[in-house]
Structures are given as structure tokens and as C-alpha cells.
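Residue numbers (our numbering), protein chains in the order written: chain A, 122 to 390; chain B, 4 to 334.
Glycine included, each C-beta is placed from N, C-alpha and C at the ideal position.
What follows is one structure encoded as C-alpha cells, with my remarks underneath.
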Ligand SMILES: Nc1ncnc2c1ncn2[C@@H]1O[C@H](COP(=O)(O)OP(=O)(O)OP(=O)(O)O)[C@@H](O)[C@H]1O
Ligand SMILES: Nc1ncnc2c1ncn2[C@@H]1O[C@H](COP(=O)(O)OP(=O)(O)OP(=O)(O)O)[C@@H](O)[C@H]1O
Ligand code: SF4
Ligand SMILES: [Mg+2]
Ligand SMILES: [Mg+2]
């Protein structure tokens with residue numbers, strides 16, 4: 122296997138921003154470059170507002186209204202996502218690429234039960250009937266540690282606690298069985314025991330299916346324990362990227378150094 | 004005897020919240036919060052930690068009456084607010100503010116950052132519009148939001164920026180107590196540090212009290228005076244923060260504290276894992292709620308529900324078995 126086929130996601134010099142009222146583009150991403158190899162656990166870390174979510178949404182083709190890319194390339198398994206025919210790109214989302222959004226509750230549809238929404242995704246992506254889809258949806262809820270999945274299936278998103286809504290979103294993303302899963306702050310608001318269980322579950326699924334993951338988080342503890350590769354962002358730029366051990370133990374960039382020393386300050390041990 | 008001249012800022016008495024679940028056949032009851040009591044004094048920070056779904060947000064929502072409690076009482080500076088008509092609640096919101104876990108649904112999507120902060124200032128202060136504008140800019144600076152975000156709508160902000168707007172709104176009118184539900188969840192360490200310092204500074208200068216709901220144990224340990232640990236709707240352990248962190252007694256607390264990740268590559272703390280499924284708040288078991296997952300459970304645990312027993316001073320835990328093992332006499 123050659124080196125390039127090993128790369129699942131390759132983002133090159135990606136730039137873009139939001140159009141303001143005078144039709145000027147205010148840059149949010151500047152020359153963002155990084156790549157993720159197949160099967161690894163990658164992480165994107167960086168300060169609030171640095172462009173982590175917008176980068177991920179650009180990969181998914183789901184950037185908010187008003188945002189436009191001005192330069193750069195995004196390749197997924199060698200194919201250029203930005204010049205790809207839209208129908209082909211839609212096909213890739215789900216089985217190819219999937220994402221757990223930062224704001225879980227807003228990403229769930231308030232008028233359908235949680236079970237219905239997950240089963241719907243299962244039906245679309247796994248080619249099974251309604252009954253089997255419901256069964257698999259329930260199993261997924263169980264795997265993400267939502268207690269009493271059968272009963273919870275029938276509830277609406279507002280009846281879920283914050284952490285449960287987050288896990289329901291995760292179940293939905295897992296239902297797609299994607300090759301690349303981007304998780305935007307998937308464990309914020311979860312207590313540490315469940316957070317650890319969820320990260321273990323993701324590790325198990327990776328081991329079983331070879332799925333590649335990209336975790337967006339502000340929690341360097343989570344990164345240190347679970348990731349192989351790290352991308353550090355600040356103000357729309359990539360400051361540094363490399364192996365997790367290298368970045369956490371011997372950071373070279375001043376911003377990264379600061380980030381790591383700040384994290385150790387609030388550590389419990 | 005010293006008599007306390009001022010009532011606690013917040014006094015929660017036997018707070019209870021049940022949700023009725025529709026279903027085929029008879030409706031069933033989900034007990035989200037089960038007879039919870041605690042107090043918070045001026046200038047004090049009390050942290051509420053515990054398993055997801057254990058009822059933390061529901062407690063906060065009942066205190067602000069966004070959710071009506073099933074029974075129990077909530078006193079703000081000595082006044083019961085449970086039976087208060089909604090128009091009088093406006094008054095209470097001058098003293099009591101909340102930062103929501105989910106900033107998306109609590110910020111008005113049609114209001115810019117400026118309008119969001121202007122509203123409480125108009126309602127609760129007599130500042131002129133010029134003074135309000137100044138205060139708004141001050142508030143934005145305090146939560147590290149730059150001026151150019153002032154005309155943005157919530158959906159035009161990043162997750163962490165929205166969260167900080169919610170914090171600025173709660174601080175706008177100098178309340179006596181702020182309920183903070185996961186206020187730092189999506190903030191990176193530097194901004195989180197800044198918010199924590201801001202909270203500490205406000206507390207020092209103005210004696211604001213906080214109810215701090217968080218899963219971030221590092222932050223909890225740093226800023227709270229007392230910690231309440233919840234499991235399935237009840238408090239299973241409470242006490243001075245340092246005491247609980249260094250000598251956790253309840254098996255659930257021990258497991259919780261052992262799961263926090265460290266910033267160290269490949270290094271994983273030995274986790275005290277709880278076996279089994281998280282039970283459901285519907286049809287609660289008769290005995291201790293941890294039975295079935297607890298590594299030290301005895302047969303008695305399945306039949307009698309343990310109540311909070313003294314460990315030392317104001318440190319209490321709801322587990323007679325662990326207390327016996329500590330060989331600390333319970334008084
Ligand atoms: N709809 C929008 N209009 C204008 N600017 C926007 C819009 N959405 C986001 N932004 C800006 O783009 C920048 C990057 O946002 P992004 O959501 O990617 O940040 P992030 O790194 O995910 O931050 P966080 O950790 O707070 O979630 C932010 O400064 C934000 O204010
Ligand atoms: N409106 C509602 N209808 C039915 N059940 C509800 C409702 N709101 C909350 N619940 C249930 O009450 C329980 C407690 O929820 P709550 O949101 O208080 O948990 P939490 O401790 O804040 O959890 P998290 O850490 O995940 O935010 C959960 O089982 C939840 O599903
Ligand atoms: S009372 Fe029994 S089951 Fe409950 S925590 Fe203590 S030992 Fe475990
Ligand atoms: Mg984000
Ligand atoms: Mg909550």
C-alpha cells in the first residue's frame with residue numbers, strides 16, 4: 122500500500138470566512154493544513170473560536186450560511202470533496218464520513234422521538250426494515266450507555282438530560298457505520314465515568330471496524346489518553362500538528378506550550 | 004449560642020420532582036429529584052457533581068421555576084418562591100440568575116449579543132442607555148468576548164462564545180447567587196481559567212454565591228467550598244470539597260473520582276469501575292440505588308435505603324457499609 126492511500130483525510134491550505142454586511146469576507150480559517158491516516162485517533166484542539174467546528178463542518182460540507190471557502194482542498198480517501206459532484210458527495214456522507222455535532226440537543230429534531238430518529242438513520246444506512254432498524258437503534262442506545270434504552274426510545278429530545286442527548290447523537294452517528302467519524306466535543310457535559318466508558322466504546326468500535334476518528338476537544342487529558350495524532354489550532358491557523366506524544370511531551374510552538382501548561386494546572390491527581 | 008442573623012441565600016428543602024411518562028397502559032413516574040435538601044450562604048460556592056441524568060439540571064431548573072417542582076420548597080434570601088406568582092418572580096431574578104447547560108436553547112436566537120445583555124439591564128437597573136452600552140462592553144470584555152462580536156446573533160458565535168454570552172448575561176445585574184450549569188463545558192483551558200478567575204473575583208468583591216454544576220472535577224476542586232455528589236436523584240455524599248476529594252467515602256464518589264483523565268500520554272489512572280447497568284429513575288429499587296453496581300454491597304443494601312450519615316464534621320455519606328469500613332463512628 123502506498124503512503125497516500127493510507128491517508129483518509131487530507132486538508133490542504135484551506136481558507137475561508139464569513140461575509141459581512143459590506144460583502145467583505147472576514148477570515149475564519151487561514152491556510153489550514155493537516156492530514157489523518159487510516160485507523161488513527163486524531164484530535165483537533167485549540168482555543169474557543171479558533172475554527173475547529175468550522176473546519177469540521179467544511180469537511181462535511183455543512184458550513185453555516187454566509188460562510189465560504191476561498192482557497193484550498195479537502196481530499197477524502199483521495200477524492201477531492203470540493204470539486205466532487207454533489208450527488209456523489211451526499212452519498213459519501215453517512216457511510217463515508219459522519220459527525221457528532223457540538224450542540225447535540227439542537228442537532229436532534231424536537232418533534233420526533235429519539236428512537237425514531239436513530240432508527241431512521243439505521244434504515245437509510247444499513248438497508249434493513251423498520252422492525253430491525255428499531256432493534257438496532259435500541260442496541261445502539263444501550264451501547265452508548267443510555268439506561269433503559271427501550272423506554273428511552275419513545276422519548277423526545279427535551280426529555281433527555283444534556284449528557285443523554287449527547288449520547289443519543291453519538292448513537293446516531295455510529296448507526297451510519299462511517300469510515301471517518303468526526304466528534305465535536307462529544308464528551309463535554311458528561312461525567313467522567315461515562316466519558317471514560319464512551320471513549321472505551323469508541324476505541325472498541327475502532328478496533329472492530331478500522332474506523333478513523335477525529336476528536337475535537339478542549340480537554341488535553343482526553344487527548345493524551347486516547348489519541349495518536351494532534352492538530353493544534355489558534356485563530357483559524359494550524360499552529361502545530363504531529364504525534365500525540367511529541368506534542369504533549371515536547372511541544373515546540375509557544376501557544377501549544379501554554380495550552381499544555383494551563384491544562385496541567387487544573388488537573389486533579 | 005450564636006444565632007445566624009441572615010438567612011442563607013439559597014435554601015432548598017425536600018425538593019422533589021417527578022415526571023409522568025406517557026405510555027401504553029398506565030402512566031409511569033420518573034423520579035428525577037428525590038427529596039433533596041441543601042443550603043448555600045452568601046459568598047459560598049457549592050458544587051453539584053454526579054452521573055449524567057442524576058437530576059442536576061432538574062434541580063437548577065426547579066430553583067428558577069422553569070420546571071415546577073412536584074413538592075418541596077425553595078427559599079431565596081429567606082423568601083419562599085415556590086408559590087410566588089410569576090409576575091413577582093421578576094424581582095427574584097434580580098437576586099438569582101442562571102447559566103444554562105445548553106446555551107442554544109436559552110439565548111433568544113433573534114437577539115444580538117448587545118440586545119441579550121441590554122435586556123436584564125433595562126429590566127433591573129436604572130442605567131441610562133449610554134451607561135448600559137458601557138456596561139455591555141465591560142461585560143463582554145470580562146468574559147473575553149471581543150467587541151466585534153457585539154452585533155452577532157447566537158448562531159453566528161462558536162459554541163464557547165455562546166456559552167460566555169450566557170455567563171455575561173447572568174452577571175449583568177449583580178445577582179446574589181448564580182446557578183451555573185456546566186458553564187465551562189466547551190471552553191478551552193485558557194478561557195476556562197479566565198472565567199474561573201472572574202467568578203472568584205466577583206465572589207470576593209461582591210459576595211456572590213454559586214451553585215456550580217460540573218463534571219469537570221479539576222475546576223470543582225479548585226473553586227468550590229462544598230461539594231454535593233448526586234446519584235439517581237439523591238445526594239449520596241456531601242462535605243467540604245478538599246475533604247471529599249481526599250477521603251471519598253461513598254463507593255460512587257470513589258468511582259467518580261478515579262475516572263478523571265490525566266494530561267499524560269498513555270498513562271491511565273487505575274479506574275474503580277462500577278459493574279452493571281445504570282438503573283433507571285423509573286421504578287426505583289427499594290434499597291440503596293447503587294446496589295447491583297456496588298463492589299462492597301451487602302444483602303442489607305437491597306432492602307433499606309441508606310440515609311446520609313455523618314463521617315466527620317459536615318462530611319456526610321449515604322453508605323453505612325463504607326462507613327463501617329472506615330471505622331469512623333457515625334453519630
Ligand atoms: N454564522 C457565523 N457568522 C459569523 N461568524 C461566525 C459564524 N459562525 C462562527 N463564526 C465565527 O467563526 C469563528 C470560528 O468558529 P468555530 O465555531 O469554528 O470555533 P471553535 O474553534 O469550534 O470554537 P469553540 O471551541 O468555542 O466551539 C469564531 O470566531 C466565530 O465567532
Ligand atoms: N421534561 C422531562 N420529561 C421527562 N423526563 C425528564 C425531563 N427532563 C428531565 N428528565 C429526566 O430527568 C432525569 C434527570 O435529568 P437532568 O437533566 O436533571 O440530569 P443531569 O444530572 O443534569 O444530567 P446531565 O449531566 O446529563 O446533564 C433524566 O432521567 C431525564 O431523562
Ligand atoms: S449502601 Fe450498600 S450498595 Fe449502597 S453504596 Fe453502600 S455498600 Fe454499596
Ligand atoms: Mg466548536
Ligand atoms: Mg444537566
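Residue state for residue 335 of chain A is assigned as strand, using DSSP reduced to three classes.
For residue 304 of chain A, the enclosing beta strand (DSSP E) stretches over residues 301 to 305. Under the three-pair Cβ rule at 8 Å, the stretch 350 to 361 of chain A does not count as touching the stretch 320 to 330 of chain A. Relative to ligand 3, residue 253 of chain B has its C-beta within less than 8 Å of a heavy atom.
Runs of the alpha helix (DSSP H) spanning 4 or more residues and lying entirely within the stretch 138 to 189 of chain A occur at 173 to 181, in chain order. In terms of Cβ geometry, residue 192 of chain B and residue 383 of chain A form a close pair [threshold 9 Å]. Under the Cβ distance rule, residue 373 of chain A does not count among the residues neighbouring chain B, no pair being separated by less than 9 Å. Residue 327 of chain B: member of the alpha helix (DSSP H) spanning 323 to 329, first to last residue.
Bounds of the alpha helix (DSSP H) holding residue 162 of chain B are 162 to 174. Ranked by Cα distance from residue 316 of chain A, the options B/43, B/20, B/54 and B/171 are led by B/54. Judged by DSSP in its simplified three-state form, residue 64 of chain B adopts helix. Nearest to residue 120 of chain B by alpha-carbon distance, out of B/105, B/107, B/104 and B/141, is B/141. Across the set B/225, B/171 and B/190, the C-alpha of B/190 shows the shortest separation from the C-alpha of residue 338 of chain A. Closest in C-alpha terms to residue 324 of chain B, from the list B/304, B/316, B/318 and B/200, comes B/304.
Given a length threshold of 3 residues, each whole run of the beta strand (DSSP E) inside the stretch 92 to 127 of chain B is given here in chain order: 99 to 102. Contact between the stretch 7 to 17 of chain B and the stretch 197 to 215 of chain A is absent, with fewer than three C-beta pairs closer than 8 Å.
Relative to ligand 1, even the nearest heavy atom lies 8 Å or more away from the CB of residue 226 of chain A. In chain order, 312 make up the part of chain A whose C-beta sits under 7 Å from the C-beta of residue 53 of chain B. The chain-ordered list of residues whose CB is nearer than 7 Å to some heavy atom of ligand 4 reads A/173, A/174, A/223, A/305, A/306, A/337, B/161, B/162, B/163 and B/189.
If you ignore the 5 residues before and after residue 168 of chain A, its C-beta comes within less than 7 Å of the C-beta of 355, all in its own chain and listed in chain order. Going down the chain, each residue whose beta-carbon is closer than 5 Å to a heavy atom of ligand 3 shows up: B/254, B/291, B/293, B/294, B/297, B/299, B/300, B/304, B/309, B/322 and B/324. Set against 8 Å, the gap from the CB of residue 159 of chain B to the closest heavy atom of ligand 1 is smaller.
Residue 138 of chain A is positioned such that its CB atom lies no closer than 9 Å to that of residue 174 of chain A. Within the model, the alpha-carbon separation for residue 365 of chain A versus residue 128 of chain B is close to 50 Å. Contact between residue 224 of chain B and residue 98 of chain B is absent: CB atoms are separated by about 27 Å, not below the 8 Å threshold. Contacts between residue 269 of chain A and chain B, judged by CB atoms closer than 8 Å, involve 283 and 285 in chain order. Using a Cβ distance threshold of 9 Å, residue 15 of chain B and residue 66 of chain B count as a contacting pair. Against chain B, a Cβ distance below 8 Å from residue 224 of chain A picks out 105, 107 and 162. Distance from the CA atom of residue 368 of chain A to the CA atom of residue 377 of chain A, rounded to whole angstroms, is 8 Å.
The Cβ atoms of residue 128 of chain A and residue 199 of chain A sit closer than 9 Å to each other.
Excluding its 5 nearest sequence neighbours in each direction, residue 210 of chain B has C-beta neighbours in its own chain below 6 Å: 45 and 46, listed in chain order.
Checking the DSSP bridge columns, you'll see residue 295 of chain B has no partner listed.
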